[in-house]
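Visitor: Sharing a structure, written as structure tokens. Questions coming.
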Amino acid sequence: MKLVPVYIENAAIKKTLIAIAKDPVLQNGTKAEIKTSFNKRAQIDDISVVNEGDIEFNKENGQVVLSIIYSVKTPLFANISLYLDFNVRSDE
Numbered sequence: 253m254k255l256v257p258v259y260i261e262n263a264a265i266k267k268t269l270i271a272i273a274k275d276p277v278l279q280n281g282t283k284a285e286i287k288t289s290f291n292k293r294a295q296i297d298d299i300s301v302v303n304e305g306d307i308e309f310n311k312e313n314g315q316v317v318l319s320i321i322y323s324v325k326t327p328l329f330a331n332i333s334l335y336l337d338f339n340v341r342s343d344e
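Sequential numbering from 253 applies to the sequence shown in our numbering.
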């Protein structure tokens, strides 16, 4: 059960990146505007493991693609923890 919050937050990050990438206003927006939008959405969705500085910006086939690579360490029991790696992209 300790993994559920980690995966819920990962789903929120993916949803946020997709929403930003598909936002017609931000399609031609600056990196600063995209980062500001991410911050606002992250506060609403209670995203705390990443911030706007973790976003990587790419253009593929004329479309903005946002990605974030991050890791989460979560305690399992006693002195055993799980270390999870995520690679979230707005085009997947």
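By construction, the Cβ of each residue, glycine as well, lies at the ideal position given by its N, Cα and C atoms.
Starting from Asn310, trace the beta strand (DSSP E) in both directions and tell me its first and last residue.
Guide: 308 to 312
Visitor: Please tell me whether Ile320 and Ile299 are closer than 7 Å, where the distance is taken between their beta carbons.
Guide: no
Visitor: Using 8 Å for Cβ pairs, my map puts Val256 next to Val324. What's the rounded Cβ distance?
Guide: Not really, about 12 Å apart at Cβ, beyond 8 Å.
Visitor: Of all the alpha helix (DSSP H) runs that stay within the bounds of the region 261 to 339, which reach a length of 4 or more residues?
Guide: 283 to 296
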